[in-house]
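Right, one structure below, let's go through it.
Residue numbers (my numbering): -15 to 319.
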């Protein structure tokens, strides 16, 4: 494979950016509310202001998104064909185990980029056993998986749990295979804030803060949040949430409305969401077979990579997390 393979990805990324931009417009139009509303039992006259061509514009945007998706599929197919391995094909199994932090991201991204340049590797099984983690590292791994999937097919597999950030990464793959009783989903964002002001007071601790702006210590544990700050944080969390929805909607080929039905923060057994949140159920060997079928090969050589697993994950301050809520309290740390 060519050394500068990432240059080939640039054109596809431009299409992805265009698709995302159009999707954002669609989301805005979908969430916009009528300017005026009166219940049916009110007799006063109400004039609803809405552009007459709104439905036409919406259809045009949808057609544009569909066209961009077709172009993306075509370019991805061309790119994969150019990088088919010669001779015996190797399938790489890359594990992502445990909580996802910056060290996990550093390890996984390095491995995936090396695989992208390895001519002998035809595809990747991303073995995910994770309840999620920090927002930044999760999104970085997801973006790398998406890029790799343009060059070589990626199948995500979980035998136990791929929740929140773990599932976020999985939807970047071409297909998701899961054990029937594996837990998947937990689509949502959680924000953890320490308010230890009373604890400080009880222990005679006085905190003096010198700051350059009113929000510089927003989220600090030595004080509570103002109503304005709570609204600001809620807006930030919703922004992360919308990005999560977009990732699942695009990766699983579901409408935003359908995606929202599963975006309630809980997990499901894979057997109960086959055809939506996962493609098929099966074990790791079956995930390898699915990838072999995608590559049109049999008895591929399988190599399992070693990757870093977080061993000292701790939530030390106020932050947004792509983490299943059942795992939050155990990792709360204050010093």
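Ideal Cβ placement from N, Cα and C applies to all residues, glycine included.
| Query | Result |
| --- | --- |
| Secondary structure of residue 189, DSSP reduced to three states | coil |
| Cα-Cα separation, residue 248 to residue 237 | 19 Å |
| Three CB pairs or more closer than 8 Å across the region 106 to 118 and the region 70 to 86 | yes |
| Beta carbon of residue 268 nearer than 7 Å to that of residue 141 | yes |
| Touching by the beta-carbon criterion (3+ pairs, under 8 Å), the region 305 to 312 and the region 179 to 199 | no |
| Pair within 7 Å by beta-carbon distance, residue 150 and residue 112 | yes |
| Those residues which DSSP pairs with residue 74 across a bridge | 105 and 285 |
| Residue 32 burial status per 10 Å Cβ neighbour count (16 or more: buried) | Unreliable placement is indicated for residue 32, whose pLDDT of 41 sits below 50; the coordinate value is still reported in the next sentence. Per the 10 Å Cβ criterion, exposed. |
| Cutoff 8 Å; reference residue 297; Cβ partners in own chain excluding five residues on either side | 82, 83, 85, 117 and 315 |
| Cβ-based burial, residue 138 [other Cβ within 10 Å; buried from 16] | buried |
| Below-7 Å beta-carbon distance, residue 80 vs any chain C residue | Chain labels in this structure do not include chain C; a single protein chain is all it has. |
| Residue 280 versus residue 172: straight-line alpha-carbon distance, rounded | 36 Å |
| Pick from 304, 130 and 258 that is closest to residue 332, judged by C-alpha positions | Here the chain has residues from -15 to 319 only, and residue 332 is not among them. |
| Top-ranked residue by Cα proximity to residue 72, from 299, 284 and 288 | 284 |
| Backbone CA spacing between residue 101 and residue 132 [nearest angstrom] | 10 Å |
| Beta carbon of residue 170 nearer than 7 Å to that of residue 265 | no |
| Exposed unless 16 or more other CB atoms sit within 10 angstroms - verdict on residue 165 | exposed |
| Rounded straight-line distance, which links the Cα of residue 292 to that of residue 91 | 6 Å |
| Proximity below 7 Å, CB of residue 174 to CB of residue 153 | no |
| Nearest to residue 261 (by Cα), restricted to the options 89, 158 and 130 | 158 |
| Rounded straight-line distance, which links the Cα of residue 271 to that of residue 286 | 12 Å |
| Runs of beta strand (DSSP E) lying entirely within the region 157 to 235, each at least 3 residues, in chain order | 159 to 162, 167 to 169 and 174 to 176 |
| For residue 147 and residue 168, believed in contact at Cβ under 8 Å, the rounded distance | 7 Å |
| Coil, strand or helix - residue 115 by DSSP | coil |
| Exposure label - residue 186; buried when at least 16 CB within 10 Å | exposed |
| Nearest neighbour of residue 282, chosen from 289, 256, 242 and 273 [CA to CA] | 273 |
| Proximity below 7 Å, CB of residue 203 to CB of residue 302 | yes |
| Alpha-carbon spacing of residue 212 relative to residue 200, whole angstroms | 14 Å |
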